[in-house]
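Engineer:
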Amino acid sequence: MDFLNAIILICNYTILPALTYGSQLALGAIFVTLIYGILRFANFATGDMMSFGTMFSVLLTYYFQSIGISFGILPTALLTIPFAVFMMIFYMLTIDKLVFNYYRVKKSPPVQLAMVSVGVMFVTQAIIRIIIGPSDRRFLDGEKFILKASEFKEMTGLNEGLTIKTTQISTILITIAVVSLMFWFLNKTKTGKSMRAYSDNEDLALLSGIDPKKIVLITWIIAGILATIGGILYGLDKSYRPFVYFNNMLPIFAAAIVGGIGNPYGAFLGGYVIAFAEIFLTYAYKKFFVYLLPDFLEPSSLVQFLSTDYKFAISFSILVIVLLFKPSGIFEGKKI
Amino acid sequence: MPYFEGKNMTAGYGDGPDIISSCTINVNKGEIVAILGPNGAGKSTAMRALLGLLNLKSGNVKLNGQEISKLNPQDRVKKGISFVPQTRNVFGELSVEENLEIGAHLRKDDTKEAIDEIFNLFPILKEKKKQIVGELSGGQRQQVALGRALMIKPSVLMLDEPTAGVSPIVMDELFDHIIKIKKTNVAIIMVEQNAKQALSISDRGYVLVTGKNKFQGSGNELLNDPEVRRSFLGL
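First to last, the sequence lines map onto chains A and B.
Sequential numbering of the first sequence, starting at 119, is according to the working numbering.
Sequential numbering of the second sequence, starting at 394, is according to the working numbering.
1. Would you grab the beta carbon distance between T504 of chain B and E520 of chain B for me? Rounded to a whole angstrom, and I think it's under 8 Å.
2. Grab me the residues of M167 of chain A's own chain with a C-beta within less than 6 Å of its C-beta, minus the 5 sequence neighbours each way, in chain order.
3. I want to see whether chain B comes within less than 9 Å of L157 of chain A, judged by CB atoms only; does it?
4. Counting only Cβ pairs nearer than 8 Å, list the residues of chain B close to R359 of chain A.
5. Please classify P135 of chain A as buried or exposed, where buried requires at least 16 neighbouring CB atoms within 10 angstroms.
6. Just checking, does the region 381-399 of chain A make contact with the region 136-149 of chain A on the three C-beta pairs under 8 Å criterion?
7. With a Cβ-Cβ cutoff of 9 Å, do M551 of chain B and I511 of chain B count as a contact?
8. If you draw a straight line from the alpha carbon of S595 of chain B to that of G435 of chain B, how long is it in whole angstroms?
9. Where are the alpha helix (DSSP H) runs, 4 residues long or more, that stay fully inside the region 343-427 of chain A, in chain order?
10. Given a threshold of 16 other Cβ atoms within 10 Å of its Cβ, counted over all protein chains shown, does S253 of chain A qualify as buried or as exposed?
11. Please check if any C-beta of chain B sits within less than 9 Å of the C-beta of L324 of chain A.
12. With DSSP as the reference, label V559 of chain B as helix, strand or coil.
13. Could you tell me whether any Cβ in chain A is nearer than 9 Å to the Cβ of L487 of chain B?
14. Along the chain, which unbroken stretches of the alpha helix (DSSP H) at least 4 residues long are found entirely within the region 443-508 of chain B?
15. Roughly how many angstroms separate the alpha carbons of F303 of chain A and M313 of chain A, rounded to a whole number?
16. Hey, could you find the ends of the beta strand (DSSP E) G610 of chain B is sitting in?
17. Quick one, which residues of the region 298-311 of chain A are near chain B if we go by CB-CB under 7 Å, in chain order?
18. Given S169 of chain A, which residues of its chain have a CB within under 7 Å of its CB, disregarding the five upstream and five downstream residues?
19. Along chain D, in chain order, which residues have C-beta atoms closer than 7 Å to that of K471 of chain B?
20. Taking only three categories from DSSP, how would you classify K546 of chain B?
21. Does the distance from the CB of V440 of chain A to the CB of I375 of chain A come in under 9 Å?
22. Please report the residue range of the alpha helix (DSSP H) in which Y180 of chain A lies.
23. Mind checking if L518 of chain B is an interface residue toward chain A, Cβ cutoff 9 Å exclusive?
24. Check whether the Cβ atoms of L420 of chain A and Y403 of chain A lie closer than 9 Å to each other.
25. Within 10 angstroms of its Cβ, does D553 of chain B collect 16 or more other Cβ (buried), or is it exposed?
26. Is any beta-carbon of chain B found at less than 9 Å from that of R222 of chain A?
27. Since I believe A232 of chain A is in contact with A160 of chain A (beta carbons under 8 Å), could you give me their beta-carbon distance rounded to a whole number of angstroms?
28. So, using beta-carbon positions, are Q533 of chain B and T556 of chain B closer together than 9 Å?
29. Under a CB-based cut-off of 9 Å, is P466 of chain B close to chain A?
30. Give the residues of chain A in contact with F397 of chain B, contact being defined as C-beta atoms less than 8 Å apart.
31. Classify V438 of chain A as buried or exposed, calling it buried when 16 or more other Cβ atoms lie within 10 Å of its own Cβ.
32. Compile a chain-ordered list of the residues in the region 493-511 of chain B whose CB is closer than 8 Å to at least one CB of chain A.
33. Have a look at A:K429, A:Y383, A:Y401 and A:N130 and flag the residue whose alpha-carbon is nearest the alpha-carbon of I448 of chain A.
34. Roughly how far, in whole angstroms, is the beta-carbon of L280 of chain A from the beta-carbon of I128 of chain A, given that I think they are within contact range, below 8 Å?
35. Let me see if you follow: with CB-CB separation under 9 Å, is A315 of chain A close to chain B or not?
36. Look at the Cβ atom of S612 of chain B, then the Cβ atom of A427 of chain B, and state whether they are nearer than 9 Å.
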């Protein structure tokens, strides 16, 4: 019984949250890796682009609520995804046309494009502040829990409860759906294959008659879908605060680099590596050991490796370690 | 009138000096033409000019009597001029089959048939069609490169040093393949370092020196020309 309690405890406080957080990071990391692999620069506006898409979802959710549209037990925000994605893609294509395109045509070095993306980041932040302001907003509605701790305890008779939040399940399911769709697109369709070819060998792709404009367009469309969905899922799970998205860029870049930058499979798995590392290393295991160990071995401290305040230090350390020892990423496999 | 001709081409990179000046190269369907010459003679540059990868300062390029000097490389590919670069001539992270599919990117019809034709020409590729090209041997990779270029059913095929860095046995094999391609009524222009072997399979050859036509003639003529033998073939 104690053993089961310990397992449930770990599931509830680490595995389930890490799967959720990992999915959100994975979407962001695939976004970074796609832009890096195809458009060939590190996009520092990643976090704020995710925030930008989420902002539309927040506003639309408020609007939908005001006119009485809801999505049953699921958050209304999920209904706004198509509209928010559309606005995001529109914004990205506008930025690309106004800013990135100029440097791409000039064949500027990647570092210059990365610096340009820092500029885009500041502009995006400003636009977000003008439209919605910097404050914390909750836009989650519908049923909060699919399984409540008390219900679980009643069902199983265990001491520990397992809670499954609606946002956790929807995050995991939506991520699986979006990512499988994306990999199917990249591996099986003609356009997807030409994107991979363009990423692998740009000159030969051009000689094969692949239209670079179309590749850029499709890349931003996929990027817009990933960024918006990732942002909305994160915002639903935690809350929508524009600055947090900027901070999330560190774990997102760490995930992309751990997976081998340019490799979407790696980025996907990298998201979970970072999330699990962050949560496993900042969780206080005291109760877990209380269940497992005999009374006289009971730990007196919290058995927490690092305080949660240091969670960014974990992604940063992983980033540094990977760059030092395995800069091509820890996952073998083909690049985009 | 030759099928594909670059006439009196003068070109260089950017604002730099002319690499080729008044250079003329032509080829007919079902013919192999070799471009030879010492290092820095402008062989590859001449080929790049024919493909439109650099702009001509003077001269013109004609395909089947039609002026194409102003077209960019992609549009020339659409006209049926296919190019195999010397390096990075395959998609190393894609499978053999995907490489061939990308080669057929411009074709609207079903690519299955075209892929089967390539597999008939290069049987080894059929066995390895699911394999990632980066994992293949040098000779097999060159076959993928040739296959990719042939997927658009080109009328002109340009090869930049197709046998660079492969063993003599593989070289002979590749030349056999090139002869097979020629028999499908394709006009082939190739730049080669292995001058003797290249001339022995070529119908005609051009020897460039400092960007100008120095000698030209049939493969045998060049092979037997004492000056060409002494200066370029090392015989």
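Glycine included, each C-beta is placed from N, C-alpha and C at the ideal position.
Structural biologist: In short, the structure shows the following:
1. The pair is not a contact, with the Cβ atoms about 19 Å apart (cut-off 8 Å).
2. A345
3. no
4. Taking the beta carbon of R359 of chain A as reference, no residue of chain B falls within 8 Å; the closest one sits roughly 39 Å away.
5. buried
6. By the Cβ criterion, the region 381-399 of chain A is in contact with the region 136-149 of chain A, since at least three pairs of Cβ atoms, one from each stretch, lie closer than 8 Å.
7. no
8. Approximately 19 Å between the Cα atoms of the pair.
9. 360-365, 367-376, 382-400 and 404-410
10. exposed
11. yes
12. coil
13. Chain A, which has a Cβ nearer than 9 Å to the Cβ of L487 of chain B, makes this yes.
14. 466-471 and 489-496
15. 10 Å
16. K605 to S611
17. K311
18. Within the same chain, I246, G349, P360 and Y363 come within 7 Å of S169 of chain A by CB-CB distance, once the 5 residues on both sides are set aside.
19. Of the protein chains in this structure, namely A and B, none is chain D.
20. coil
21. yes
22. T164 to S184
23. no
24. The Cβ atoms of L420 of chain A and Y403 of chain A lie closer than 9 Å to each other.
25. buried
26. Residue-level contact check: R222 of chain A does not touch chain B, since none of the beta carbons of chain B fall below 9 Å from its beta carbon.
27. Indeed they touch by this definition, with Cβ atoms about 5 Å apart.
28. no
29. Yes, P466 of chain B counts as interfacial toward chain A.
30. Chain A residues near F397 of chain B: none, gap ~17 Å exceeds 8 Å.
31. exposed
32. Correct list: E494, I495, G496, H498 and L499.
33. A:Y383
34. Between I128 of chain A and L280 of chain A the Cβ distance is about 10 Å, and since that is not below 8 Å, they are no contact.
35. yes
36. Note on residue identity: the sequence assigns Gly, not Ser, to residue 612 of chain B. For G612 of chain B and A427 of chain B, yes; Cβs fall inside 9 Å.
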